[in-house]
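Counting in my numbering, the sequence shown runs from 6 upward without gaps.
The C-beta atom is built at its ideal place from N, Cα and C for all residues, glycine as well.
Single-structure report; data block below.
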Amino acid sequence: MKALMLVSELEDYTISYASGLAQHMQVVLGVPRRRFEHLASWFDPAVDLHLLDWPRHRSLSNPWFLHQLTRLIRHEQPNLIHLLSNSTLWLNFAAPFWRPIPLVTTVHDVTVHPGDSDTRTLPAWAPELMVRQSRHVVVHGEGLKRMVLDRYSKSPDSVHVLSHPAIHRYAELARRRKMTRGQADGTIRVLLFGRIFAYKGLEHLVRAEAMLKDTLPNLRITVAGRGDDPRIFQPLMGEAGRYDIRNRFIEDEEVAQLFLDADIVVLPYTEASQSGVLNLAAAFGKPVIVTDVGELRATVQPNGLGVVVPPGDAEQLARAIRILAENRELRNNFGANALEWATGPNSPEQVGAQAAAVYREVVGSC
């Protein structure tokens, strides 16, 4: 069986997912050259990678690109087409020409996150239309499946749950370059990583830090990623000097060092579907503190990856940070569980095996 996959973004997810699936079936992957060319070596050699001159949304060359893309699909003759995201506007216009090949689309976020200016650049109808054109949909949890069923009136048999696979390439980069954790000095390093938008809950982390000003003097908070400026919360900080703020794009080697050095990774989100950061932290064997939003509890709690707290509750977040900061054994236990999960049931290979089974079911039903 051959699957042809298309995606214009989500580099880390795509590398993990495609490489894992390629262990179980033939995979053809089409991606934008400008975003993936420098990452090509991270894909498993079994992935038939096509670096395409994929235009941006507003480019007038999109119709020609869709013509070329449809020619590629007809040449490859896949059993199934899988769009790894529903956030590419122009693919809506090409999808009808791909019939009768079964079309599957992954929906990472059923609704737009508050403050997510990246996603809001896309017209609201575009992701909706792609889901409606797809006979089958993939989501990353049972709660998200219920949301899709309610929103799109899909048959339960046409909405499939596949876990977001662990993201290993940064941990592998650290191994290849023989990177090591910084010298221990008694500091407890808490990391908030990723796009810093309103829903990431930075304000609640800042309030939690202020509550710990006297009880955890060795605490250091790193906020790393592009987006909103974390310094707007400086008046709420207990001690501004113990923040390491990197409000910019973080290069790969710096990402690896941040996770190597972290004692705790926090995801104090006020809203979420799932999290790539959680899957990155697990590959480094790092304990997490997450809020009970989206699929985070359902992922963290049964797998023993860390602590779950209510969203928007700075007091409970502070309590969880203190518990983990003062208990190295608990941190180590959660971290060991995380690494076992990332290299076992949630490894790209295992998720790929589940995806291959879903594809066989989809093709068999058509």
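With a threshold of 8 Å on Cβ separation, who are the neighbours of residue i within its own chain once the five nearest residues in sequence on each side are excluded?
i, result
"Asp-297", "Val-313, Val-314, Pro-315, Pro-316"
"Glu-16", "Arg-40, Phe-41, Leu-44"
"Arg-302", "Val-295, Val-313"
"Leu-335", "Pro-292, Ile-328, Leu-329"
"Trp-103", "Thr-75, Ile-78, Ile-86"
Do you know how far the Cα of residue j is from the Cα of residue i?
i, j, result
"Met-10", "Asn-332", "44 Å"
"Leu-56", "Ile-78", "14 Å"
"Gly-206", "Ile-172", "23 Å"
"Thr-211", "Gln-279", "The sequence given here has Val at residue 211, not Thr. Cα to Cα, the separation comes out at about 22 Å."
"Arg-182", "Pro-353", "22 Å"
"Ala-5", "Ile-326", "A question about residue 5 goes unanswered here, because the residues of the chain that appear run from 6 up to 371."
"Tyr-274", "His-80", "44 Å"
"Arg-140", "Met-30", "21 Å"
"Gly-349", "Trp-59", "35 Å"
"Ser-64", "Phe-70", "10 Å"
"Trp-130", "Pro-37", "23 Å"
"Asp-234", "Leu-224", "21 Å"
"Gly-187", "Asn-67", "47 Å"
"Leu-265", "His-62", "37 Å"
"His-145", "Arg-247", "36 Å"
"Leu-5", "Gln-355", "The structure shown does not extend to residue 5, since the chain spans only 6 to 371, so no value can be given for it."
"Gln-306", "Asn-342", "11 Å"
Which residues does DSSP list as the beta-bridge partners of residue i?
i, result
"Met-10", "Leu-34, His-87"
"Ile-269", "Val-195"
"Ala-229", "Phe-198, Arg-251"
"Leu-57", "Pro-37"
"His-165", "Val-143"
"Leu-108", "Ile-86"
"Thr-296", "Val-314"
"Val-52", "Val-32"
"Leu-154", "Beta-bridge pairing links Leu-154 to no other residue."
So, are the CB atoms of residue i and residue j less than 8 Å apart?
i, j, result
"Ala-8", "His-87", "yes"
"Gly-281", "Tyr-18", "yes"
"Leu-89", "Val-33", "no"
"Val-367", "Pro-107", "yes"
"Val-142", "Lys-159", "yes"
"Glu-276", "Leu-178", "no"
"Gly-35", "Gly-148", "no"
"Val-270", "Leu-344", "no"
"Asp-53", "Ser-24", "no"
"Gly-357", "Gln-28", "yes"
"Met-152", "Ala-261", "no"
"Ala-229", "Arg-200", "no"
"Ala-176", "Phe-289", "yes"
"Arg-365", "Met-6", "yes"
CB-CB under 7 Å to residue i, same chain, minus the five flanking residues each way: which ones, in chain order?
i, result
"Phe-339", "Pro-292, Gly-309, Leu-310, Gly-311"
"Trp-346", "Ala-287, Asn-308, Leu-310"
"Leu-127", "Ser-92, Leu-94"
"Val-115", "Leu-149, Met-152, Val-153, Arg-156, Ser-278"
"Pro-5", "Residue 5 lies beyond the stretch modelled for the chain, which goes from 6 to 371, so this question has no answer here."
Which residues in the same chain as residue i place their Cβ atom closer than 6 Å to its Cβ, once the five residues preceding and following it in sequence are excluded?
i, result
"Ala-360", "Leu-26, Leu-167"
"Trp-47", "Ile-20, Arg-174"
"Asp-268", "Ile-193, Arg-194"
"Arg-231", "Arg-253, Phe-254"
"Asn-284", "His-169, Ala-171, Ile-172"
"Glu-208", "Phe-238"
Taking only heavy atoms of the ligand ATP into account, decide whether any of them is closer than 7 Å to the Cβ of residue i.
i, result
"Leu-197", "As far as ligands go, the structure on display features none, and thus does not contain the ligand ATP."
Review point. Is there contact here, the region 213 to 222 with the region 237 to 244, by at least three beta-carbon pairs under 8 Å?
Key: In this structure the region 213 to 222 touches the region 237 to 244; the number of beta carbon pairs closer than 8 Å is three or more.
Exercise for review: Say whether the region 131 to 147 touches the region 93 to 112, bearing in mind that this needs 3 or more beta-carbon pairs closer than 8 Å, one atom from each stretch.
Suggested key: yes
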